[in-house]
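To start, the structure itself, in structure tokens.
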Amino acid sequence: MIREFADLGELSLAAAELFVASAREAVSRQGRCSVALAGGNTPRGCYQLLAKEPLREQVPWEGLHIFWGDERCVPPEDSRSNARMAREALLDAVPLPAVQVHPMACAADPEAAARDYQRLLSDHFAGALPRFDLLLLGLGEDGHTASLFPGSPALSETERWVVPVQKPGDPFRRLTLTLPLLNNAACCVFLVAGADKVAALRQVLTPDGQTPPLPAQSIAPRAGELVWLVDRAARES
Ligand code: 6PG
Numbered sequence: 016m017i018r019e020f021a022d023l024g025e026l027s028l029a030a031a032e033l034f035v036a037s038a039r040e041a042v043s044r045q046g047r048c049s050v051a052l053a054g055g056n057t058p059r060g061c062y063q064l065l066a067k068e069p070l071r072e073q074v075p076w077e078g079l080h081i082f083w084g085d086e087r088c089v090p091p092e093d094s095r096s097n098a099r100m101a102r103e104a105l106l107d108a109v110p111l112p113a114v115q116v117h118p119m120a121c122a123a124d125p126e127a128a129a130r131d132y133q134r135l136l137s138d139h140f141a142g143a144l145p146r147f148d149l150l151l152l153g154l155g156e157d158g159h160t161a162s163l164f165p166g167s168p169a170l171s172e173t174e175r176w177v178v179p180v181q182k183p184g185d186p187f188r189r190l191t192l193t194l195p196l197l198n199n200a201a202c203c204v205f206l207v208a209g210a211d212k213v214a215a216l217r218q219v220l221t222p223d224g225q226t227p228p229l230p231a232q233s234i235a236p237r238a239g240e241l242v243w244l245v246d247r248a249a250r251e252s
């Protein structure tokens, strides 16, 4: 499903409303809602809307469990940290028990952090392949999503749920969830805005068959929904 919005503001509101609906449905059905947040800048507006009325009071925060789809291996207070962005935009402003927020603490030792996060996920999902009720994703200009970059060996990972990766040129490593996990989500929602995403979005939504598939094209939930929330600027050809 592709929903187009006039601008990032409208897209953010739709994303926040979808978050509320998913959380309420999951908590009423199973007593909890496990969400994996996206990093980058696009989701910030959505997070900020969830942090204030009228949406804030509609979210069953006591049943929410927050994870990340990926993280930069930098200190938690670093401005590049995805967890820091989410804390500032949302988590510090809502009544969510700290034990239900699970950042990928990977600054010191990405390999160990990947193993630790996998163990955390295994505990949370009782040893089964984790199935997020809601998985938020962004799209990079190069077609990456989470921290699955074009040509990365992580794209062909079939066993591990969390792996350390290196984006060429980054002065830090990253952790990313892998495709077996991402594609087991009940609802994957991409948030894509801005003219700089036109080429990647076009290639993902209408592949030309020539170009090697972009990482975001590998997001195809086996038993779940795939929703694209895009703004007009990102669709303009
Ligand atoms: C990250 C993100 C990444 C992001 C895209 C889009 O850690 O960078 O998880 O996958 O979603 O790069 O980023 P913007 O929303 O900033 O364009």
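Note that this note's numbering numbers the sequence shown so that position 25 is 40, with each residue one more than the last.
By construction, the Cβ of each residue, glycine as well, lies at the ideal position given by its N, Cα and C atoms.
{"Query": "Same chain, Cβ closer than 7 Å to Ala31, five either side skipped, listed in chain order", "Result": "Cys61, Leu64, Leu65 and Leu70"}
{"Query": "Three-way DSSP call (helix, strand, coil) for Trp243 in this model", "Result": "strand"}
{"Query": "Distance CB(Ala129)-CB(Val204) smaller than 7 Å", "Result": "no"}
{"Query": "Proximity test, Ala53 beta-carbon vs the ligand 6PG heavy atom, cut-off 6 Å", "Result": "yes"}
{"Query": "Phe205: first and last residue of the uninterrupted beta strand (DSSP E) it sits in", "Result": "Cys202 to Val207"}
{"Query": "Coil, strand or helix - Cys61 by DSSP", "Result": "helix"}
{"Query": "Whole-angstrom C-beta distance between Pro195 and Leu144, which should lie under 8 Å", "Result": "7 Å"}
{"Query": "Rounded C-alpha distance that separates Gly55 from Ala200", "Result": "20 Å"}
{"Query": "Exposure of Pro112, with buried meaning 16 or more beta-carbon neighbours within 10 Å", "Result": "exposed"}
{"Query": "Closer than 6 Å: Thr57 CB and nearest the ligand FMN heavy atom", "Result": "In the structure on display, the ligand FMN does not appear, and the ligands it does have are the ligand 6PG."}
{"Query": "Neighbourhood of Leu241 by C-beta, 6 Å cutoff - its chain only, sequence neighbours within 5 removed", "Result": "Cys203"}
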